[in-house]
């Protein structure tokens, strides 16, 4: 176990270094700089600004300096918001994105697993077809289409929920549902297909032959072994949702991490772009690592390092 964790930690650090290096190269490969605008700055002012942010140094020197600061968890100062560091932006934006993301994940998991179980237990019946049609719609309709529709009907036409802003719980309902819609559909389809495969196993027929109640067979025996595909996607899915949905946060005017990331791209704010990218990548790598550890707990037959129980 310790050997496996040690190997994974080394691979995680190497992956982060590669991501940070690639992001640095790509950012500095774009023509122009963050101070390029329609209004030209005086030459001396431009030189002073570049010197302040270290952009006047050769690229190798900038890279060494950036990686050195990264080791100290210093992501730099925002170029457009000079009074705020990238760390400040992450501390301010991530809790909002995480709050919204956790609600969305809970909705997607709870509803998706239940809908998948219902569809699998009633295969080729009307309820199964109906739920699969909903799942296809959920996977096909993008958030930037779904969000305005929800705002129009639930907010403006029926006046049931607020359509923008942050703070009160009712303002989180619509964006949470929109953010959960696609993951919910994916979880539903995965749960259904995996449960249909498990239902045909010998141990399920044995459990039914013993006279166990159908709900117990489904929840305790079938679901536990069918949940692994869902767990597999939850790593990257959770990272993507928790670090902020760019489209949803922009449409609903939510001050999360996605909003700052979009603004940083528009403003060509190098430190914010690189900082958020590295933060997201680190979060994704950690979530995938935790998912791998969960495998052994969910199914004891799975051993870390790829060895099966004898």
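Residue numbers (this note's numbering): 255 to 564. All C-beta atoms, glycine included, are put in the ideal place defined by N, C-alpha and C.
If I measure Cβ to Cβ from residue i and keep anything under 8 Å in the same chain, skipping five residues before and after, which residues do I get?
i, result
"residue 381", "372, 373"
"residue 311", "319"
"residue 561", "Because residue 561 carries a pLDDT of 46, less than 50, the predicted location of this residue cannot be relied on, and the following value inherits that uncertainty. So no residue of the chain qualifies."
"residue 283", "none"
"residue 471", "458, 461, 462"
"residue 262", "543, 546"
Near residue i, what residues of its chain come up, given a Cβ to Cβ distance below 7 Å and the 5 sequence neighbours on each side ignored?
i, result
"residue 222", "The structure shown does not extend to residue 222, since the chain spans only 255 to 564, so no value can be given for it."
"residue 343", "332, 514, 526"
"residue 420", "350, 508, 509"
"residue 303", "289"
"residue 307", "333"
"residue 392", "435, 436, 438, 439"
"residue 577", "Residue 577 cannot be examined here, being either before or after the span of the chain that is shown, 255 to 564."
Using a 10 Å radius around the Cβ and a threshold of 16 neighbouring Cβ atoms, would you call residue i buried or exposed?
i, result
"residue 527", "buried"
"residue 537", "buried"
"residue 513", "buried"
"residue 321", "exposed"
"residue 488", "buried"
"residue 319", "exposed"
"residue 492", "buried"
"residue 446", "buried"
"residue 405", "buried"
"residue 524", "buried"
"residue 422", "exposed"
"residue 366", "buried"
"residue 439", "buried"
"residue 477", "buried"
"residue 564", "Summary for residue 564: the model assigns pLDDT 39, below 50, so the residue's position carries little reliability; its value from the coordinates is reported in the next sentence. It counts as exposed."
"residue 506", "buried"
"residue 567", "Past the edges of the chain, shown from 255 to 564, lies residue 567, and the structure says nothing about it."
"residue 444", "buried"
"residue 428", "buried"
"residue 197", "There is no way to answer for residue 197, as the model of the chain reaches only from 255 to 564."
"residue 520", "exposed"
"residue 305", "exposed"
"residue 410", "exposed"
"residue 272", "exposed"
If you follow the alpha helix (DSSP H) that residue i is part of, which residue opens it and which one closes it?
i, result
"residue 359", "340-375"
"residue 282", "256-283"
"residue 322", "313-325"
"residue 405", "Counting along the chain, residue 405 falls outside any alpha helix (DSSP H), and DSSP gives it neither H nor E."
"residue 386", "380-394"
"residue 298", "297-306"
"residue 441", "424-453"
"residue 462", "456-463"
"residue 337", "It is not in any alpha helix (DSSP H) - residue 337 carries neither H nor E in the DSSP assignment."
"residue 474", "It is not in any alpha helix (DSSP H) - residue 474 carries neither H nor E in the DSSP assignment."
"residue 518", "511-521"
"residue 508", "Run containing residue 508: none; DSSP gives neither H nor E here."
Which whole-angstrom value describes the C-beta separation of residue i and residue j, a residue pair presumed to lie in contact below a C-beta threshold of 8 Å?
i, j, result
"residue 416", "residue 425", "5 Å"
"residue 452", "residue 479", "5 Å"
"residue 510", "residue 329", "Between residue 329 and residue 510 the Cβ distance is about 17 Å, and since that is not below 8 Å, they are no contact."
"residue 385", "residue 442", "6 Å"
"residue 270", "residue 499", "Not quite, the Cβ-Cβ distance comes to about 23 Å (not below 8 Å), so this is no contact."
Hey, does residue i have any beta-carbon neighbour from chain B nearer than 8 Å?
i, result
"residue 371", "As a matter of chain content, chain B is missing from the structure shown, which is built from one protein chain."
Grab me the residues of residue i's own chain with a C-beta within less than 6 Å of its C-beta, minus the 5 sequence neighbours each way, in chain order.
i, result
"residue 358", "430, 433, 434, 495"
"residue 450", "374"
"residue 397", "432, 501, 502"
"residue 352", "496"
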